[in-house]
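The sequence shown begins at 2 in the working numbering and counts up by one.
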Amino acid sequence: MRTIIEDLAEEAERQIRDQTWIVTLADSDVAAKAAADLHAAIGPSQLQEELPTVERLAHLREALAVLAIALAHVHGRLAWFLGAATTALTPILHWRALPAEGGFTFGAFTPTLQQYAEAEEAIRRLQRTLTGITVA
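Here it is in structure tokens:
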């Protein structure tokens, strides 16, 4: 997940630098809001690691919602970037933090602490990239 997000971020930065992607004011506004909302959802690693796993998972799902809402408001390259990022993070939707208590989980599984940390770092990388889009 983190590697895919890193590759997407590098591609976006390269397209902006090479002027393949000309960032519009609308792109910039949506990227700025999404960056701020991602920052609010996923805090620094030390703070996230201190949270119970159910709260960490809630924050990750909130970050996915931020991306989905931003995606609904754009077209073109920013939409493609946000769509690919959201797709890369979809494994989060299959995670659970609560015990199954003998019942079915609809395929949800408990992620490792490393998986939480990697997903959170991927979100932070997206946030930094979106912040960069705002100043392009």
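Using N, Cα and C, we set each Cβ at its ideal position, and we do this for glycine too.
Asked: Backbone secondary structure at Phe110 - three-state DSSP; Found: strand
Asked: Coil, strand or helix - Trp96 by DSSP; Found: strand
Asked: Buried/exposed call for Thr106, threshold 16 Cβ in 10 Å; Found: exposed
Asked: Pro92 versus Ala101, Leu58 and Trp81, residue with shortest Cα-Cα distance; Found: Leu58
Asked: Three-way DSSP call (helix, strand, coil) for Phe105 in this model; Found: coil
Asked: As assigned by DSSP and simplified to three states, the class of Asp19; Found: coil
Asked: With 16 other Cβ atoms within 10 Å as the buried cut-off, status of Thr130; Found: buried
Asked: Contact under 9 Å by Cβ, Leu90 with Ile124; Found: yes
Asked: Stretch-stretch touch, CB-based, cutoff 8 Å, three pairs: the segment 93-105 with the segment 9-21; Found: no
Asked: Secondary structure of Gly44, DSSP reduced to three states; Found: coil
Asked: Supposed close pair Ser46, Ala120 - CB separation, criterion 8 Å; Found: At roughly 11 Å, the Cβ-Cβ gap does not stay under 8 Å, so Ser46 and Ala120 are not in contact.
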